[in-house]
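Colleague:
Protein chains: 2
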Amino acid sequence: MPQNIFDDPNFFQGYSQLRRSRQGLTGAPEWQVLQKMLPPMHGLRVLDLACGFGAFSRWAREQGARRVVAVDLSEKMLNEARTRTSDTSVAYYLAEMENLGLADASFDLIYTALALHYIQDLGALCAALKQILTPHGHFIFSIEHPIYTAPSHPGWQTMPDGTKIWALDAYLLEGRRVTDWIAPGVVKYHRTIGTYLNTLLEHGFRILRLEEWGPNAEQIEANPEWADEVQRPPFLLIAAQLEAATG
Amino acid sequence: MPQNIFDDPNFFQGYSQLRRSRQGLTGAPEWQVLQKMLPPMHGLRVLDLACGFGAFSRWAREQGARRVVAVDLSEKMLNEARTRTSDTSVAYYLAEMENLGLADASFDLIYTALALHYIQDLGALCAALKQILTPHGHFIFSIEHPIYTAPSHPGWQTMPDGTKIWALDAYLLEGRRVTDWIAPGVVKYHRTIGTYLNTLLEHGFRILRLEEWGPNAEQIEANPEWADEVQRPPFLLIAAQLEAATG
Numbered sequence: 021m022p023q024n025i026f027d028d029p030n031f032f033q034g035y036s037q038l039r040r041s042r043q044g045l046t047g048a049p050e051w052q053v054l055q056k057m058l059p060p061m062h063g064l065r066v067l068d069l070a071c072g073f074g075a076f077s078r079w080a081r082e083q084g085a086r087r088v089v090a091v092d093l094s095e096k097m098l099n100e101a102r103t104r105t106s107d108t109s110v111a112y113y114l115a116e117m118e119n120l121g122l123a124d125a126s127f128d129l130i131y132t133a134l135a136l137h138y139i140q141d142l143g144a145l146c147a148a149l150k151q152i153l154t155p156h157g158h159f160i161f162s163i164e165h166p167i168y169t170a171p172s173h174p175g176w177q178t179m180p181d182g183t184k185i186w187a188l189d190a191y192l193l194e195g196r197r198v199t200d201w202i203a204p205g206v207v208k209y210h211r212t213i214g215t216y217l218n219t220l221l222e223h224g225f226r227i228l229r230l231e232e233w234g235p236n237a238e239q240i241e242a243n244p245e246w247a248d249e250v251q252r253p254p255f256l257l258i259a260a261q262l263e264a265a266t267g
Numbered sequence: 021m022p023q024n025i026f027d028d029p030n031f032f033q034g035y036s037q038l039r040r041s042r043q044g045l046t047g048a049p050e051w052q053v054l055q056k057m058l059p060p061m062h063g064l065r066v067l068d069l070a071c072g073f074g075a076f077s078r079w080a081r082e083q084g085a086r087r088v089v090a091v092d093l094s095e096k097m098l099n100e101a102r103t104r105t106s107d108t109s110v111a112y113y114l115a116e117m118e119n120l121g122l123a124d125a126s127f128d129l130i131y132t133a134l135a136l137h138y139i140q141d142l143g144a145l146c147a148a149l150k151q152i153l154t155p156h157g158h159f160i161f162s163i164e165h166p167i168y169t170a171p172s173h174p175g176w177q178t179m180p181d182g183t184k185i186w187a188l189d190a191y192l193l194e195g196r197r198v199t200d201w202i203a204p205g206v207v208k209y210h211r212t213i214g215t216y217l218n219t220l221l222e223h224g225f226r227i228l229r230l231e232e233w234g235p236n237a238e239q240i241e242a243n244p245e246w247a248d249e250v251q252r253p254p255f256l257l258i259a260a261q262l263e264a265a266t267g
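The listed protein sequences derive, respectively, from chains X and A.
Residues in the first sequence are numbered from 21 upward in steps of one, following this note's numbering.
Residues in the second sequence are numbered from 21 upward in steps of one, following this note's numbering.
(1) Who are the Cβ neighbours of A/Q261 in its own chain at under 8 Å, not counting the five residues just before and after it?
(2) Under 9 Å between C-beta atoms, does X/K96 make it to chain A?
(3) Tell me the rounded alpha-carbon separation between X/E249 and A/Q33.
(4) Can you pull the DSSP bridge partners for X/D92?
(5) Do X/L134 and X/A70 have their C-beta atoms within less than 9 Å of each other?
(6) Please list the partners that X/W246 has in chain A, where partner means a Cβ-to-Cβ separation under 7 Å.
(7) Take X/Q151 and list the residues in its own chain whose beta-carbon comes closer than 6 Å to its own, dropping the five residues that flank it on each side.
(8) Use the C-beta contact count for X/L114: other C-beta atoms within 10 angstroms, 16 or more gives buried, fewer gives exposed.
(9) For A/A147, tell me which candidate among A/T219, A/G47 and A/V88 has the shortest Cα-Cα distance.
(10) Starting from the N-terminal side, write out each stretch of the alpha helix (DSSP H) that is 4 residues or longer and does not extend beyond the segment 140-184 of chain X.
(11) Please classify A/L134: does DSSP put it in a helix, a strand, or coil?
(12) Could you tell me which residues DSSP pairs with A/F225 in its beta bridges?
(13) With C-beta atoms as the reference, is X/T183 less than 9 Å away from X/F161?
(14) Could you check what DSSP says for X/M21 in three-state terms: helix, strand or coil?
(15) How would you list, in chain order, the residues of chain X whose beta-carbon sits under 8 Å from the beta-carbon of A/K150?
(16) Relative to chain C, which residues along the segment 245-264 of chain A have a C-beta separation below 7 Å, given in chain order?
(17) Within 10 angstroms of the Cβ of A/F255, are there 16 or more other Cβ atoms? Answer buried if so, exposed if not.
(18) Please classify A/V66 as buried or exposed, where buried requires at least 16 neighbouring CB atoms within 10 angstroms.
(19) Compare the C-alpha of A/P49 against each of A/E263, A/A264 and A/P235 and name the closest.
(20) Using 9 Å as the limit for Cβ to Cβ distance, is A/Q239 near chain X?
(21) Return the residue from the list X/R211, X/E100 and X/A247 that minimises the CA-CA distance to X/H137.
(22) Exposed or buried, which one is X/A111 when buried takes at least 16 other CB atoms within 10 Å?
(23) How many Å lie between A/E164 and X/W79 at the Cα?
(24) Pull out every residue of the segment 173-184 of chain X whose Cβ sits closer than 9 Å to any Cβ of chain A, in chain order.
(25) Does A/T108 come out as helix, strand or coil in the three-state DSSP assignment?
(26) Please identify, using Cβ separations under 7 Å, the residues of the segment 213-227 of chain A that lie next to chain X, in order along the chain.
(27) Specify, as a first and last residue, the run of the alpha helix (DSSP H) that X/A85 falls within.
(28) When DSSP builds the beta bridges, which residues end up paired with A/D68?
(29) A/G234 touches chain X at which residues, Cβ-Cβ below 7 Å?
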């Protein structure tokens, strides 16, 4: 049973206050990089996995996507998404990412932002997503960067000479991590970059691009509190495409 | 002018004492993983870049490679390689990796171990290597892992609770790093994983596999001093293949 912390009232309240929740896509600092990794939306059938408040679903339709199916495991998130959306070509529904029940070869693009690190079995998910993608379909996603999810005690430390460092350990020790983020006891699954890429490759995906996101100079100028993020990337963005000839 | 610290007598002496220098491929802990990323050697025309003492060149020939061209920028390394090799189908010659002067489409496999982090312009190198590879030719390499090369002060720290951590900073700040390794003042170039992958992709390579190497349980049992390497990977191994239809 996947964790559904998003329906916890306190967590939901905290999550709703995040800049990316209030402002949508432009409130997510990595969006301008992620956006460039997407194929042209015109005419696409899009699956928005872990759609949250539906910002990407609405954007995809504005860019000409033919239709969007948007899935989340939180009823509260979906209710808010429905409230924010007036477009009958976006269909919101409640489902676990691992158990979608969608038709084979019915999507040209699967998009999921900052959600796959909550998934325990990435291989099973890739196998399922491969089925519902068309040949040459795209799978574009962001996750918390493995350098960010790895540590047993994630956080910054100040060295004797004043250098601020990210206390990295356990990078190659994949598996469950419990952290406090908005609410205590949020469960994530740490995997290496190698595991993400090789799992995609083993399931017939081709890697198109990989970005280890950090703020650019302009963003740091506007948001000085982001400056430390260049010391270790908070997000990993991957663009992959299904090969045509896989079984 | 590339750095040629390998012809410094003291450096050469120290380098010659390394386990990987004395024992060849089996002395390199990452070899058993890297070996699995290689195509079958039979009949291949192989370029061994930064060949050092020639261990890979000899192995490739033993596995059936048709011929091997082995290049290094150190005359001392090449002399030792020639001494260790009795095989007229291995040709050793002195050249900089960036200036090889080899014929177009003349190699099926380019291999280079722990050398690309000494190269300043990875894009120019990929453009040159692409020219001398055959269509579908393989490019397989190991480098020091970007987590290992990034820090301004690379090293382990012990946290107040006793946890040993790798003091990571400057990961997204690519460029020159000066470290003391065998000799003082060794110059390396730090690049992110994203830059390695995207540079390959932009030059028409397909990614086949990526391994962030750390010791397995058996290796730690035999070499307890390697145990900490699971906290942060020391090596990154990448297998790529040239697309047929690139310009």
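Each residue gets a CB set at the ideal place from its N, CA and C atoms; glycine is no exception.
Modeller: So, from the data block:
(1) The residue given as residue 261 of chain A occupies position 241 in the second sequence. Contacts found: H156, G157, H158, F159, F225, R226 and L228.
(2) For the purposes of this step, residue 96 of chain X is taken as residue 76 along the first sequence, with counting starting at 1. At a cut-off of 9 Å, the C-beta of X/K96 has no neighbouring C-beta in chain A.
(3) Looking up residue 249 of chain X in the first sequence gives position 229. Looking up residue 33 of chain A in the second sequence gives position 13. Whole-angstrom Cα-Cα distance: 41 Å.
(4) Sequence index remark: in the first sequence, residue 92 of chain X carries index 72 (1-based). Paired residue(s): X/L114.
(5) Taking the first residue of the first sequence as 1, we reach residue 134 of chain X at position 114. Taking the first residue of the first sequence as 1, we reach residue 70 of chain X at position 50. Yes, these two residues count as a Cβ contact at 9 Å.
(6) Along the first sequence, one-based indexing puts residue 246 of chain X at 226. Per Cβ cutoff of 7 Å: no residues; X/W246 is ~12 Å from chain A at best.
(7) Start at 1 with the first residue of the first sequence, and residue 151 of chain X comes out as number 131. Here the set comprises D124.
(8) For the purposes of this step, residue 114 of chain X is taken as residue 94 along the first sequence, with counting starting at 1. Exposed is the call here.
(9) The sequence position of residue 147 of chain A within the second sequence is 127, counting from 1. If we check each option's Cα against that of A/A147, A/T219 comes out closest.
(10) 142-152 and 166-169
(11) The count along the second sequence starts at 1 and reaches residue 134 of chain A at position 114. Coil, per DSSP.
(12) Within the second sequence, numbered from 1, the residue matching residue 225 of chain A stands at position 205. For A/F225, which the question treats as bridged, DSSP gives the partners A/L262.
(13) For the purposes of this step, residue 183 of chain X is taken as residue 163 along the first sequence, with counting starting at 1. For the purposes of this step, residue 161 of chain X is taken as residue 141 along the first sequence, with counting starting at 1. Not in contact: X/T183 and X/F161 (Cβ atoms no closer than 9 Å).
(14) Taking the first residue of the first sequence as 1, we reach residue 21 of chain X at position 1. Residue confidence is low: X/M21 scores 47 on pLDDT, short of 50, so the model does not pin down where it sits. Its coordinate-derived value is still stated next. Three-state DSSP puts X/M21 in coil, outside helix and strand.
(15) By 1-based counting over the second sequence, the position of residue 150 of chain A is 130. Neighbours of A/K150 on chain X: none; closest Cβ ~17 Å, over 8 Å.
(16) Absent from the structure is chain C; the protein chains it does hold are X and A.
(17) Within the second sequence, residue 255 of chain A is the residue found at index 235, counting from 1. Flag for A/F255 reads buried.
(18) Position 46 of the second sequence, counting from 1, holds the residue named residue 66 of chain A. Its Cβ being crowded by 16 or more others within 10 Å, A/V66 is buried.
(19) Against the second sequence, residue 49 of chain A aligns to sequence position 29. Nearest C-alpha to A/P49: A/P235.
(20) Walking along the second sequence from the start, residue 239 of chain A turns up at place 219. Cβ-Cβ to chain X under 9 Å: no for A/Q239.
(21) By 1-based counting over the first sequence, the position of residue 137 of chain X is 117. Of X/R211, X/E100 and X/A247, the residue nearest in Cα terms is X/R211.
(22) Within the first sequence, the letter at position 91 stands for residue 111 of chain X. Exposed.
(23) As a working note, residue 164 of chain A is residue 144 in the second sequence. As a working note, residue 79 of chain X is residue 59 in the first sequence. Using only the alpha carbons, I get a separation of about 40 Å.
(24) H173, Q177, M179, D181, T183 and K184
(25) One-based indexing of the second sequence puts residue 108 of chain A at position 88. Three-state result, A/T108: coil.
(26) I213, G214, L217, N218, L221, R226 and I227
(27) Looking up residue 85 of chain X in the first sequence gives position 65. Neither: X/A85 is in no alpha helix (DSSP H) and is coded neither H nor E.
(28) Counted from its first residue, the second sequence places residue 68 of chain A at position 48. A/A90 and A/Y131.
(29) Within the second sequence, the letter at position 214 stands for residue 234 of chain A. A/G234 reaches chain X at L192, counting residues in chain order whose Cβ is nearer than 7 Å.
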